[in-house]
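Undergrad: Chains E and P supply the protein sequences, listed in that same order.
For the first sequence, the numbering used here gives the first residue as 372, with consecutive numbering after it.
For the second sequence, the numbering used here gives the first residue as 372, with consecutive numbering after it.
Protein chains: 2
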Amino acid sequence: MVMKSEIQVFREYIRGRHLRRTPEREQILQEILEIQGHFDVDELHLRLRDKGSKVSKASIYRALPLFIDCGLVREVDFSDGHWHYEHIYGHAHHCHLRCLGCGEVLEFQEPELGRLEAHLAREYGYRIKGHQLQVQGLCATCQEAE
Amino acid sequence: MVMKSEIQVFREYIRGRHLRRTPEREQILQEILEIQGHFDVDELHLRLRDKGSKVSKASIYRALPLFIDCGLVREVDFSDGHWHYEHIYGHAHHCHLRCLGCGEVLEFQEPELGRLEAHLAREYGYRIKGHQLQVQGLCATCQEAE
DNA sequence: GTGCTATTGAGAATCAATTACAATAATACC
DNA sequence: GGTATTATTGTAATTGATTCTCAATAGCAC
Ligand SMILES: [Mn+2]
Ligand SMILES: [Mn+2]
Ligand SMILES: [Zn+2]
Ligand SMILES: [Zn+2]
């Protein structure tokens with residue numbers, strides 16, 4: 372079975388909630404789909420600017436929760452004072468390893484965490500909704516520079 | 372071998388850096404030691420107020436990085452718009468399971484993560500400095516209320 | 001097309017956290 | 001103890017990310 376495209380997912384989400392399909396929202400989504408890797412609001416806004424779009428930051432801030440809600444995007448927390456985001460639709464769940472020196476971010480998978488979730492659900496009676504694991508360290512280059 | 376007390380740890384840290392031992396810093400530390408569980412700056416400030424202390428929020432904001440740096444306290448990220456903290460000296464490392472409904476926080480240990488850190492170090496050449504794992508879900512009570 | 005109302009951009013507001021500054025006080029040295 | 005040095009303090013101002021207000025605009029259902 373073929374996966375729906377992101378734009379389809381979004382349009383169905385919009386229609387289902389009696390929200391409105393606007394060029395601004397679709398421009399923002401389009402841009403997100405073209406970014407590979409992580410991004411933040413400023414970066415997204417600048418990229419849209421550079422393409423001649425007049426979309427305001429306010430609209431970006433208002434659109435992101437919609438994309439998150441329909442499963443296209445997720446928030447990524449690098450604990451650096453503002454939110455980062457990433458396109459997740461069709462991507463495998465993964466965790467982040469970040470270098471405290473240069474900010475490099477590597478992605479890795481940790482299948483044990485599924486088992487952990489199941490265990491926590493049983494142990495504490497929780498219905499688990501998700502998890503985030505971040506690992507910090509120093510990359511090889513930044514270790515030398517120390 | 373007996374562990375140094377928190378106040379000893381802090382005084383040695385202060386002395387070693389040519390910083391100054393002040394009543395404000397020691398009041399703040401004292402208060403942190405009396406809190407069990409997680410806290411934020413507002414809560415800490417209010418508790419100090421209630422005991423008649425005149426310590427300003429600015430001083431709390433300035434003291435916390437010191438406590439963190441000397442290993443007495445760590446930042447806890449509940450992704451709710453501001454930092455939380457907890458006393459960690461003499462406590463085992465643990466992760467958090469948080470209820471999205473009522474905000475309850477449970478602590479649990481996950482020994483696998485030590486192995487994961489070792490694996491990541493080998494695989495990517497990183498020197499690992501730490502990790503955080505948060506799990507979100509709905510507690511039994513909040514599941515019913517749904 | 002008309003009416004309803006969701007959405008927009010601009011700027012104001014919010015709020016945690018940081019900073020500037022002048023007054024104070026902790027340490028080092030005599 | 002007294003003095004010089006400078007870290008620390010409280011206050012108030014500032015920053016920066018995010019949210020909100022509001023009047024104008026524009027989707028969408030009929
Ligand atoms: Mn990622
Ligand atoms: Mn804890
Ligand atoms: Zn690095
Ligand atoms: Zn709950």
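Glycine included, C-beta positions come from ideal geometry on N, C-alpha and C.
With a CB to CB cut of under 7 Å and the five nearest residues on each side skipped, what residues in its chain are close to E/M374?
TA: In the same chain as E/M374, and ignoring 5 residues on each side of it, the C-beta atoms closer than 7 Å to its own belong to G461, in chain order.
Undergrad: I want to verify the contact list: residues of chain P whose CB lies under 7 Å from the CB of E/R382, in sequence order.
TA: Within 7 Å Cβ-Cβ: nothing; E/R382 doesn't reach chain P, min ~28 Å.
Undergrad: With hydrogens ignored, establish whether the beta-carbon of E/V447 is closer than 7 Å to any heavy atom of ligand 1.
TA: Flag set: Cβ of E/V447 near ligand 1.
Undergrad: What did DSSP end up calling E/L443 once you bin it into helix, strand or coil?
TA: coil
Undergrad: With C-beta atoms as the reference, is P/L504 less than 8 Å away from E/Y497?
TA: Going by C-beta atoms, P/L504 is not nearer than 8 Å to E/Y497.
Undergrad: Check for me: the alpha helix (DSSP H) holding E/Y495 runs from which residue to which?
TA: E483 to Y495
Undergrad: Just checking, does the stretch 437 to 448 of chain E make contact with the stretch 479 to 497 of chain E on the three C-beta pairs under 8 Å criterion?
TA: Result no; under three Cβ-Cβ pairs closer than 8 Å.
Undergrad: So is the beta-carbon of P/E478 under 7 Å away from any non-hydrogen atom of ligand 2?
TA: Indeed, a heavy atom of ligand 2 lies less than 7 Å from the Cβ.
Undergrad: By DSSP's criteria, E/I406 is part of a beta bridge. Which residues make up the other side?
TA: E/I406 is not bridged to any residue.
Undergrad: Using 8 Å as the limit for Cβ to Cβ distance, is E/V444 near chain P?
TA: no
Undergrad: Is the beta carbon of P/V426 closer than 8 Å to that of P/E405?
TA: Against a cut-off of 8 Å, the Cβ pair of P/V426 and P/E405 comes out as no contact.
Undergrad: Among E/V506, E/H389, E/C470 and E/S424, which residue has its Cα nearest to the Cα of E/L437?
TA: Answer by Cα proximity: E/H389.
Undergrad: List the endpoints of the continuous beta strand (DSSP E) containing P/G387.
TA: Premise fails: P/G387 lies in the alpha helix (DSSP H), E377 to G387, not in any beta strand (DSSP E).
Undergrad: Using a Cβ cut-off of 8 Å (strictly closer), state whether E/H409 contacts chain P.
TA: no
Undergrad: Quick one: is the Cβ of E/G501 within less than 7 Å of any heavy atom of ligand 4?
TA: no
Undergrad: Measuring from the CB of E/H490, is there a heavy atom of ligand 5 at a distance below 7 Å?
TA: As presented, the structure is devoid of ligand 5, carrying ligand 1, ligand 2, ligand 3 and ligand 4 as its sole ligands.
Undergrad: Heavy atom of ligand 3 less than 7 Å from the Cβ of E/G472, yes or no?
TA: Judged by the Cβ position, E/G472 qualifies as a neighbour of ligand 3 at the 7 Å threshold, a heavy atom of the ligand being closer than this.
Undergrad: Is the distance from the Cβ of E/K422 to the Cβ of P/L471 below 8 Å?
TA: no
Undergrad: Beta-carbon of P/G508 versus every beta-carbon of chain E: anything under 8 Å?
TA: Answer yes: the Cβ-Cβ gap between P/G508 and chain E drops below 8 Å somewhere.
Undergrad: Nearest by alpha-carbon distance to E/E481: which of E/A463, E/V380 and E/L419 is it?
TA: When C-alpha distances from E/E481 are compared across E/A463, E/V380 and E/L419, the shortest belongs to E/A463.
Undergrad: Is the shortest distance between the beta-carbon of P/Q480 and the beta-carbons of chain E less than 8 Å?
TA: It does not: the Cβ of P/Q480 has no partner Cβ on chain E nearer than 8 Å.
Undergrad: Are the CB atoms of E/I385 and E/R391 nearer to each other than 8 Å?
TA: yes
Undergrad: Residue range of the alpha helix (DSSP H) that E/L390 falls in?
TA: Premise fails: E/L390 is in no alpha helix (DSSP H) and is neither H nor E.
Undergrad: With DSSP as the reference, identify every bridge partner of E/V506, one or two as the case may be.
TA: E/L468 and P/H502
Undergrad: In chain E, which residues lie less than 7 Å from P/Y456 when you measure between Cβ atoms?
TA: By Cβ distance, chain E contributes nothing, its closest Cβ being about 13 Å from P/Y456, past 7 Å.
Undergrad: Which residue comes first and which comes last in the alpha helix (DSSP H) that contains E/V373?
TA: Element bounds for E/V373: n/a, residue is neither H nor E.
Undergrad: On the CB-based measure, 16 or more other CB atoms within 10 Å of its CB, does E/L417 come out buried or exposed?
TA: It is exposed - the Cβ of E/L417 has fewer than 16 other Cβ atoms within 10 Å.
Undergrad: Any heavy atom of ligand 3 closer than 7 Å to the Cβ of E/C441?
TA: no
Undergrad: Can you check DSSP and say which residues form a bridge with E/F449?
TA: E/F449 is not bridged to any residue.
Undergrad: Measure the CB-CB distance between P/H502 and P/L484 and report whether it falls below 8 Å.
TA: Between P/H502 and P/L484, the C-beta spacing is below 8 Å.
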